[in-house]
Amino acid sequence: MRFISLCVLILMSAYSFAQDFDKQNIYYQALKLHFEYIEEQHSKRPDLWIIASIYFIEEDYYTTIGFPDFIDKHKIQILSLPDIKEKTKNKKSINILAVRPALWEDGKLIINVIEFQYQEKETTTLMSM
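Residues in the sequence shown are numbered from 6 upward in steps of one, following the numbering used here.
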């Protein structure tokens, strides 16, 4: 019984530590800098730059694992490919941010944050006679 209690205690403490996200994560920091850039541009040209109520982030095994729901005041939602397809049903389109894995270039660490728009293509069925 003592062994089971010890195992449960260890699992509970491991779970509580897993809830904390390391905000020094380089991909988190890259996305945070991207949001700061959007805010700066919005303050200069609010007619061209829009602050979204939620930012959709493309799921990536290396870059987005364990991201929190907010980066500063910006709400984010990590979307897998099936999630993206679900959100773009009925010819809707959504803007998505993609955080690409780090690269070394000329002695500098480069992390690309790419914004793109995704729209599910309408499929047509051809009938043959």
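No residue lacks a Cβ here, since even glycine has one placed at the ideal position from N, Cα and C.
This structure is a prediction, so every number in the text was calculated from the model and none was measured.
Residue i - containing alpha helix (DSSP H), residue span
i: residue 34; result: 31-49
Neighbour-count burial assignment, residue i, 16 or more Cβ in a 10 Å radius
i: residue 55; result: exposed
i: residue 114; result: exposed
i: residue 121; result: exposed
i: residue 3; result: Residue 3 lies beyond the stretch modelled for the chain, which goes from 6 to 134, so this question has no answer here.
i: residue 70; result: exposed
i: residue 28; result: exposed
i: residue 72; result: buried
i: residue 75; result: exposed
i: residue 66; result: exposed
i: residue 62; result: buried
i: residue 53; result: exposed
i: residue 119; result: exposed
i: residue 84; result: buried
i: residue 42; result: exposed
i: residue 108; result: exposed
Beta strand (DSSP E) segment containing residue i, residue limits
i: residue 113; result: 113-115
Reduced DSSP category for residue i - H, G, I as helix; E, B as strand; rest coil
i: residue 119; result: strand
Exercise for review: Any chance you could list the beta strand (DSSP E) runs of at least 3 consecutive residues sitting entirely within the region 62-111, in chain order?
Suggested key: As summarised for the region 62-111, the continuous beta strand (DSSP E) elements at least 3 residues long and confined to that stretch are 79-84, 98-104, 108-110, given in chain order.
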